[in-house]
Structures are given as structure tokens and as C-alpha cells.
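Below is one structure, written out as C-alpha cells, with a few remarks after it.
See the structure below:
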């Protein structure tokens, strides 16, 4: 693209992986990056123009654009109109971090165009403030398995690698679960016994994902904090869970707050069997077998 001064306008290329938050027992603290990548091209322009997404997302309220504007304000940079082109295979039905990819793209563009460079730690802080929580943006930025907590305005995220043998089979029904509904159905208080159940299993799940111990993952990944309540909002949860486990999956969980679900399998052969079982159980549902993404967000300037 040629700018008004006759020079070629810079193109910021931001690649952000899909993510799955909670990871079963890691409610609001764990997230994993998956090998399914959204790509954003952001170029200074005479006026805002957005393509590559549904018409309803092409206005001033577009999340990439709004995140860019908010990041510019916080960085003290002057915003400029952008041409934003989006290439995203991530379903919008919820649960794989599609909104987080947009937030990160907007923040990264503000950093590069306003400051001249992408800063990962600063991007995490800004994206967490915009998104409201780090459980999707942290793994999307850092890659791998990430545990996060926030104290005041400070986000602490710990990154771990995920073993190469594990495969994640994502299945998305053709309906959404609203985040507000997913929050509303949760209990206000839980017994101490439930907290203890969850804490021990959360540590075990982290260890299982790091080492690729499918047997340990199957024993530990049984959530009591959110899945018993949120699964009621996903009519297909129980039939798909049965189909996945019967086909050999070691775990099956709601991805984020849904409606996407995630099965975990040990190796490609078993993952293929789980994929086929889910496809047979619900023909026509969006379905992908994915590896973990270890790279996280990448930013280039052309």
C-alpha cells in the first residue's frame, strides 16, 4: 500500500494462536496455545477499512481497532486509521480465544506503529487489561501451557512446554454459549472439599501435560468448579464426551466457557480414532485435531 506521501506504508503482520482456557481443572488460571493461527495485516491508511471478517464486525466497534485505540492511549501514541485484514480459521462460537487474538493484534500494532517495536511483556499487561483476564491472552502471547494470576494491575504468568505426544481434538457446535450465561450458572461459594479436590488435580494436570502422561491426565482432569454447571448450557457435551472417551481419549473438557469442547489423545493414531468418533457422533460440527503451539504470538514489520 502507498501512503499519502508516496512512500510504501508499513505492514504489521501479527500471528496469534488459538487458545483453550481452564484446561479442565485449571479454572480461570490455566490456558494452552493450540496450533491454529489467526493472521492479521495492519497498515496505516487514510480511513479505517476492515476485511476478512463478517460484515457485522467491520465497523468502529471492531475489537482489533478498539484494542489498537486503547493501547495507543495507554502508550501515549497518536493513533492513525488502519486497513485491517483478518485471516482467521478460529470459530466464533466461543472457547478457542478468537476475541483474544483480536485484542493482541490491536495491541501489537499500537506498539510497532507507535513505538517501533513489539514488547511481549508489555503486550501481555495491556492485553490483560483490555480482555479483563489473562487466561487466554497469556498462552496466546507466550505459547505452550501457561498459568496466570493477577494482583492489582500486575499479571504473573508462568510458561511450561507441553509434551509432543499429546493431541487436542477441538469440536465446536453451531451455537454459542454467552460468557455472561456461563458466569451466571456458577455457584457463588464452593465447599472446602471441592477446593482441595481441585487444587491437587490442577497440579497433576500440569505435570501430565508437561510429561505427556496420558494416564495421569485421565485420572486428574475431572473438574468440579465449572463443568458440572456449564455443561448444562451445551446440549451435546455428554454425548460427545462419551464418544471421545469410548474411542480412547484420556480427557474431555469444555474449552474456556464453551461452546467449543476439547478431547485429548495420546499420539496421532488414537487422535484419529477420537476425531472419527466425534465426527460420527455429530456430523457437520466444526472439528480439528491440533498440536500444542509452543511459539505464541509473532510480529513482523514489512
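Residue numbers (this note's numbering): 4 to 305.
We treat Cβ as the ideally placed atom computed from N, Cα and C, and that holds for glycine.
Asked	Found
Which value, in whole angstroms, describes the spacing of the CA atoms of residue 162 and residue 147?	7 Å
At the level of alpha carbons, what is the spacing between residue 159 and residue 29?	15 Å
So does the stretch 253 to 262 actually touch the stretch 92 to 111, counting three or more Cβ pairs closer than 8 Å?	yes
Quick check on residue 301: does DSSP put it in helix, strand or coil?	strand
Express the C-alpha separation of residue 49 and residue 27 in angstroms, rounding to a whole number.	46 Å
Taking 9 Å as the cut-off, decide whether the C-beta atoms of residue 85 and residue 52 are in contact.	yes
At what residues does the alpha helix (DSSP H) containing residue 159 begin and finish?	Counting along the chain, residue 159 falls outside any alpha helix (DSSP H), though it belongs to the beta strand (DSSP E) covering 157 to 163.
Under 6 Å Cβ to Cβ from residue 83, same chain only, skipping five residues before and after it: list those, please.	47
For residue 74, report the span of its beta strand (DSSP E) as first-last.	Run containing residue 74: none in the beta strand (DSSP E); it sits in the alpha helix (DSSP H), 66 to 78.
What does the alpha-carbon distance come out to for the pair residue 1 and residue 220?	As shown, the chain starts at 4 and ends at 305. That puts residue 1 outside it, with no answer to give.
Let's see if you can read the secondary structure: which residues bound the beta strand (DSSP E) around residue 18?	15 to 24
Closest to residue 242 by C-alpha separation, out of 227, 176 and 271, would be which residue?	176
Span of the beta strand (DSSP E) holding residue 42?	33 to 47
Helix, strand or coil, according to DSSP, for residue 255 in the structure here?	strand
With H, G and I counted as helix, E and B as strand and the rest as coil, what does DSSP make of residue 124?	helix
Would you call the CB atoms of residue 139 and residue 270 closer than 9 Å?	no
In chain order, which continuous runs of the alpha helix (DSSP H) of length 4 or greater are located wholly inside the stretch 200 to 267?	217 to 223, 230 to 233 and 240 to 249
Assign residue 166 to one of three DSSP states: helix, strand, or coil.	coil
Would residue 298 pass as a contact of residue 20 if the rule is Cβ separation under 9 Å?	yes
If we ignore side chains and look at the alpha-carbon of each, how far apart do residue 56 and residue 196 end up?	46 Å
By a C-beta neighbour count over all protein chains shown, 10 Å radius and 16 as the cutoff for buried, is residue 191 buried or exposed?	exposed
Short of 8 Å in beta carbon distance, which residues of its chain neighbour residue 2, apart from the five on each side in sequence? Order them along the chain.	As shown, the chain starts at 4 and ends at 305. That puts residue 2 outside it, with no answer to give.
Helix, strand or coil for residue 179, going by three-state DSSP, please let me know.	coil
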